[in-house]
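Residue numbers (my numbering): 14 to 339.
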């Protein structure tokens, strides 16, 4: 019972810390004259991935690398199967934005690069490890992605349309209060670190008590918990009919998880991938390919029936993984 409370309390701190960090950082950016467009593409996008990044850095520092990797692939699977599935059940998602169309191929590239890094050593009879050099490669791709997205949107024809959408993201309004923003950033970081510590302690204890791997707990409980910001954002966007934001949030978060979170984690400490983790990578590749195909069929619509299939696929895979380890 205590382990469950630790996990719930840790996830609550992670979500609250991420929200504080986004609001404080956004306020500071606004006070420095940064446009809402750039804030939305960088600060807000980073904020939704802050829980995963903090959990993984803390996990790497504590040596819980199975939990860290499970959290990454689990978050990506939850984003596609659970979040995109729920969002498309609320309202069919029409994908029209040029930005989303550009991000989807980048998401495919990111997961394919990760798949090569994870599976290639095994094909050569070597341990499947994402080492520091691999982490730096992922971070390099991430830097290219940020440049490609921000500069491309600012210069592109979709800049005005996307700016109007990004301005709908809840950012601090009213007079500039840099000191308050700094306090919110600090409190957010403290909450993220504390939440990550509690989450990892609770998750590891639950795994040991249940007799399952940390990777499986990361893939399911921790991943769903750290993906709650994306779930709320995409569900609200779908409800309002803002399909591009709902899909873009999921795709952008997956890119951040693979390139930034895994890249940073591996740069800090090499991540050895278990047999289950290698299967999970293949599952993410298949799920990402499915979204790529769905976004290019039915006049670029993800309809409710397809959303239901995504949900069934997600829960079926999680159920199979639990049974496979059992």
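Think of the CB as a built atom: it goes at the ideal place given N, C-alpha and C, for glycine as much as any other residue. None of the values given here were measured: they were computed from a predicted structure.
When burial is assigned at 16 or more other CB atoms within 10 Å of the CB, is residue i buried or exposed?
{"i": "residue 349", "result": "Only positions 14 to 339 of the chain appear in this structure, which leaves residue 349 out of reach."}
{"i": "residue 328", "result": "exposed"}
{"i": "residue 301", "result": "buried"}
{"i": "residue 139", "result": "exposed"}
{"i": "residue 146", "result": "exposed"}
{"i": "residue 321", "result": "exposed"}
{"i": "residue 258", "result": "buried"}
{"i": "residue 148", "result": "buried"}
{"i": "residue 297", "result": "buried"}
{"i": "residue 230", "result": "buried"}
Closest to residue i by C-alpha separation, out of the options, would be which residue?
{"i": "residue 244", "options": "68, 14 and 90", "result": "90"}
{"i": "residue 38", "options": "191, 102, 65 and 122", "result": "191"}
{"i": "residue 151", "options": "62, 276 and 323", "result": "276"}
{"i": "residue 1", "options": "196, 326, 126 and 80", "result": "For residue 1 there is no data in the structure shown, the boundaries of the chain being 14 and 339."}
{"i": "residue 24", "options": "100, 272 and 205", "result": "205"}
{"i": "residue 78", "options": "225, 283 and 317", "result": "283"}
{"i": "residue 293", "options": "334, 324, 278 and 253", "result": "334"}
{"i": "residue 198", "options": "156, 29, 325 and 16", "result": "29"}
{"i": "residue 241", "options": "99, 153 and 317", "result": "99"}
{"i": "residue 272", "options": "44, 62, 45 and 17", "result": "62"}
{"i": "residue 312", "options": "106, 75 and 219", "result": "106"}
What residues in its chain sit with their C-beta under 7 Å from that of residue i, if we drop five residues either side in the sequence?
{"i": "residue 307", "result": "315 and 319"}
{"i": "residue 65", "result": "84, 85, 88, 239, 270 and 274"}
{"i": "residue 233", "result": "87 and 331"}
{"i": "residue 281", "result": "70 and 73"}
{"i": "residue 225", "result": "338"}
Where does residue i fall in DSSP's three states?
{"i": "residue 284", "result": "strand"}
{"i": "residue 143", "result": "strand"}
{"i": "residue 108", "result": "coil"}
If you measure between the beta carbons of residue i and residue j, is that distance less than 8 Å?
{"i": "residue 143", "j": "residue 295", "result": "no"}
{"i": "residue 60", "j": "residue 83", "result": "no"}
{"i": "residue 108", "j": "residue 260", "result": "yes"}
{"i": "residue 86", "j": "residue 209", "result": "no"}
{"i": "residue 33", "j": "residue 200", "result": "yes"}
{"i": "residue 104", "j": "residue 252", "result": "yes"}
{"i": "residue 96", "j": "residue 228", "result": "no"}
{"i": "residue 268", "j": "residue 81", "result": "no"}
Cutting at 6 Å between CB atoms, please list the residues of its own chain near residue i, excluding the five before and the five after it.
{"i": "residue 19", "result": "211, 214 and 215"}
{"i": "residue 279", "result": "143, 147 and 148"}
Could you name the residues of the same chain whose beta carbon sits closer than 8 Å to that of residue i, not counting the 5 residues immediately before and after it, in chain order?
{"i": "residue 291", "result": "131, 132, 135 and 141"}
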